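Residues in the first sequence are numbered consecutively from 688, following our numbering.
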Amino acid sequence: MRRILVTAALPYSNGSIHLGHLLEQIQTDIWVRFQKLYGNECYYFCADDAHGTATMLSAEEAGVSKEEWISRLREEHIKDLQAFGVDHENYYSTHSPENEKLTQEIYLKLLENGAIFTDEVSQLYDSSKELFLADRYVRGKCPRCGAEDQPGDNCDMCGATYAATDLIEPRSVHSDSKPVLKSSTHYFFDLAQFTSFLREWTTSGTVREDVSNKLKEWLESGLKPWDISRDAPYFGFQIPETSNKYFYVWLDAPIGYMASFRNWCDRSGVEFDDFWKPGNDTEVHHFIGKDIVNFHALFWPAVLKCSGFRTPTRIHVHGYITVDGEKMSKSKGTFIKAETYSEFLDPETLRYYYAARLTPTINDIDFSFADFLARVNSDLVGKLVNIPSRCANFLARGFDSQLSTELSEPSLFEEFAASKASIEQLYELGDTAQVVRAVMSLADKANQYIASNPPWELAKQEGKEQELQNTCTLAINLFRTLCVYLKPIVPMLVERSEQFLNSEPLTWNDVDEPLLDHRLGKFKRLMNRIDQKQIDKLIEASKETSAIEPESDEDQITIEDFQKIDLRVAEILDARFVDGADSLLELKLKVGTGERIVFAGIRTAYDPEKLKGRHVVVVANLKPRKMRFGTSEGMVLAAGPGGSDIFLVSPDDGALSGMEVR
RNA sequence: GGCUACGUAGCUCAGUGGGUAAGAGCACAGCACUCAUAAUGCUGGGGUCGUUGGUUCGAGUCCAACCGUAGCUACCA
């Protein structure tokens, strides 16, 4: 049995979890769940990355303490990740006593081993804010192409790279003031001492070849000292024996992996040293995005090596996420937060889609809504869930949900089991795209089997009862095998399937032994199809209101157009649920002297009892519309994206039913 | 600008050390079926493999240049 410690990169304490974080967290979670299901000892750790200038300034802007700020975000992050079934042993924070202790211990080791030195650095300084400015926080005209408002490291317009001091008319983004050059002592880690170690380490199977090729550039152009200190004010850990120097956030961030683990060791009984001291046969795996390879595959192993810890077993690097072919955009509604996603769509659909797209390469992954809809509906609902759905009834009706004592075609069951070894390999490599393809091709075979031994025909024939039961038994067993294979990817769907199978939680080796002579649970719908409308709502809700683009002429209406709409104040006389409608409430409205019935899609946000007596605004001359539940004679106005965020428009006190609104 | 990757049917991808006539799933069209969430089964159309040039008896595969996309470029994290 392997003993494996796994980490995903630390989300920064400066914003919500979004599709990008989820790609990595889900990828890692799938890998970990596979290892556990397979029978290995595997632990998954993460944390919020709390330090740095950005969190410090955000807290200040929000008017709360830094501790309050990061603790709020951490709570939110944990909640979001749990909704997507991401199951960490511990989700900690880099701003923790364990991390401070480890960071200082490691620093002192580096110092003791002669890898730390100091040097004077002159850097742009915002004297009104009394803050040294990272290149990112200085903007000005590009020295090459003259483009306005470019950051201090490279130009977004022409791609030039330069130093912040080269910018024309530089200004601090914090105060708009002109920065001045100021000198200060910085602490450096002498990375060059580890050149030959890193050359060896990066080419010994710890990273894929494409990643090590990229790292060659760093190694061959000569490793420079790494600046690991920042001047006060800075949010981080203070460097021992200094009064105003702090550790750069990227020094303590990866140490946060260890700290999160140590914090958990203290309550779980697992030995910290088993995983972090050299000479053990345990494994450490980091999952990261391609943007932070240098920190994890150069700085981090060198720091570990120098301070007497073991180095990672493997660094798994993934690409970036784009949405419909473009970078996520707040104004287009493609900057999708975890919370918004889970409001409109089943989080597990994202797990499946990501799994279907993830390979071990650093290629970017495009979240294409059309592809997403098609894959989830066609694969999970049309193929997989369809199998029990088409057999369960026959077993329930004729056989009291009892499986037969033998399989009609054991060879087919064995064929499914024979994929086990190759699927293991694919999971281990992180090629879940191929796992999904392999499993879906098996699901096709299961459906073909049913089509060529049609239960609905057997059910009509006298004396074919045994054959019918056997056919359905095999189909259910094929489904069960597929559940085992997909369990790391869609654990919640498989859990519902386990309830139907009326069996213990499935384990990897269950694919070898069929479930026979066994009573199934009641079959319930295992998964719902995705409706395009849900996606539309998700995009709408993700659009930031402040990012609304100005209307074009064609979208504008005249005052005459507007006057055609008869808006009236109405009093809600009665409100009640509509049977069979998930989102509708039936409202009885008093508009002036008349009464009318309006169906409003506000059930997810309002309790009918609380609506009685309330005044709202209604479109009074809307053509009545026949619905399944009755005729709706108007429309009440409300704001918001939907779900629990619907806000009825009400007049101020004093307005009377029937009054015109204009 | 430099570096590392990527570019194959409408979409997502597979194409082993260059070698039969470029594959799969989805989407689309036709047929069949009606157990199943308009699910399933069978059949079919669709590609100058980013562009140009080169190496070779032979190139999607190797080389070069160019175009496009992404990331990095050590002080964003």
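Note that CB positions come from ideal geometry on N, CA and C, so glycine has one too.
Remember, predicted model here, so these are calculated numbers, not experimental data.
Checking 8 Å against the spacing of the C-beta atoms, do residue i and residue j come in under that value?
i     : j     : result
S703  : E1026 : yes
V1306 : L1274 : no
L1207 : N1196 : no
F1054 : L1276 : no
G772  : R1038 : yes
V1198 : A1104 : yes
G976  : A737  : no
Q722  : I691  : yes
L1129 : L1094 : no
V971  : P927  : no
R720  : P1178 : yes
N1064 : I1217 : yes
L1271 : Y1293 : no
L1254 : V1348 : yes
P857  : L818  : no
P866  : V825  : yes
L1067 : T1119 : no
G1345 : G1279 : yes
P1047 : L1090 : no
Between residue i and residue j, how many whole angstroms is the CB-CB distance? I'm expecting something under 8 Å.
i     : j     : result
Y921  : Y933  : 4 Å
H861  : K816  : 5 Å
V1285 : E1320 : 6 Å
K1224 : F1059 : About 15 Å; that fails the 8 Å criterion.
V1126 : Y1114 : Not really, about 11 Å apart at Cβ, beyond 8 Å.
N1164 : L1193 : So it is not a contact: roughly 12 Å between Cβ atoms.
Y731  : T715  : 7 Å
K1070 : D1011 : Actually they are not in contact, since the Cβ atoms of K1070 and D1011 sit about 25 Å apart, beyond 8 Å.
V1265 : H1302 : 22 Å between Cβ atoms; not a contact.
N786  : I942  : 6 Å
F1334 : A1326 : 5 Å
E1350 : W951  : Summary: the structure shown does not reach residue 1350, with the chain confined to residues 688 through 1349, and so no result is reported for it.
L820  : S870  : L820 to S870, Cβ: 14 Å. No contact.
Y1028 : L710  : Actually they are not in contact, since the Cβ atoms of Y1028 and L710 sit about 12 Å apart, beyond 8 Å.
F1100 : L1161 : 7 Å
I757  : S783  : Not a contact, Cβ separation roughly 10 Å.
D939  : P912  : With a Cβ gap of about 18 Å, D939 and P912 do not count as contacting.
Whole angstroms are fine: how far does the CA of residue j sit from the CA of residue i?
i     : j     : result
A851  : E835  : 14 Å
I1176 : K1151 : 38 Å
L868  : D822  : 12 Å
L1213 : P1338 : 45 Å
A946  : K1014 : 33 Å
Y765  : S916  : At residue 765 the sequence reads Ile, which differs from the Tyr that was named. Approximately 30 Å, taken between the alpha carbons.
T769  : M688  : Reading off the sequence shown, one finds Gln at residue 769, where the question assumed Thr. Approximately 28 Å, taken between the alpha carbons.
H1003 : S1088 : 45 Å
F875  : D960  : 28 Å
C842  : N1073 : 53 Å
H873  : S883  : 26 Å
Q1243 : N1308 : Unreliable placement is indicated for Q1243, whose pLDDT of 47 sits below 50; the coordinate value is still reported in the next sentence. In a straight line, the C-alpha of Q1243 is about 21 Å away from that of N1308.
C1357 : Y849  : Outside the shown range of the chain, which is 688 to 1349, sits residue 1357, and nothing can be said about it.
P1142 : N1134 : 12 Å
I1235 : E763  : Any reading at I1235 must be qualified, since the residue scores a pLDDT of 41, below 50, and its modelled position is unreliable; no value is offered.
F881  : W718  : 31 Å
V980  : I1110 : 28 Å
P988  : W888  : 8 Å
A1268 : N1215 : 16 Å
E1241 : N1140 : Here the model assigns E1241 a pLDDT of 36, short of 50, so the residue's position is not dependable, and the following value carries that caveat. Their backbone Cα atoms lie some 59 Å apart in a straight line.
Q1186 : T969  : 35 Å
P1237 : K1019 : Any answer about P1237 is weak, because its pLDDT of 37 lies below 50 and its placement is not dependable; what the coordinates show is given next. Cα to Cα, P1237 sits roughly 13 Å from K1019.
Tell me residue i's beta-bridge partners as DSSP assigns them.
i     : result
L692  : Y730, V971
L818  : D813
L1090 : In the DSSP output, where bridge partners are listed per residue, L1090 has none listed.
S916  : F934
G1317 : M1314
Self-check item: Ordered list of alpha helix (DSSP H) runs contained in the segment 1092 to 1176, each at least 4 residues
Solution: 1097 to 1104, 1107 to 1116, 1119 to 1139, 1142 to 1145, 1152 to 1173
Quiz item: Enumerated in chain order, which unbroken segments of the alpha helix (DSSP H) with a length of 4 residues or greater are wholly contained in the segment 774 to 812?
Solution: 784 to 799
Quiz item: Going along the chain, which unbroken runs of the alpha helix (DSSP H) with 4 or more residues stay wholly within the segment 857 to 911?
Solution: 882 to 888, 896 to 907
Exercise. Could you pull out every unbroken alpha helix (DSSP H) segment of at least 4 residues lying fully inside the segment 743 to 772, listed in chain order?
Key: 753 to 770
Practice problem: Within the segment 965 to 1051, note down every full alpha helix (DSSP H) run reaching 4 residues or more, in order along the chain. | Solution: 987 to 993, 1025 to 1031, 1034 to 1044
Exercise. Let me know the beta strand (DSSP E) ranges lying completely inside the segment 921 to 958, each 3 residues or longer, listed in chain order.
Key: 932 to 934
Self-check item: 3-residue-minimum beta strand (DSSP E) runs that sit fully inside the segment 1244 to 1313, ordered along the chain
Solution: 1254 to 1264, 1272 to 1278, 1281 to 1287, 1302 to 1306
Self-check item: Uninterrupted beta strand (DSSP E) stretches inside the segment 823 to 861 (no shorter than 3 residues)
Solution: 825 to 828, 855 to 859
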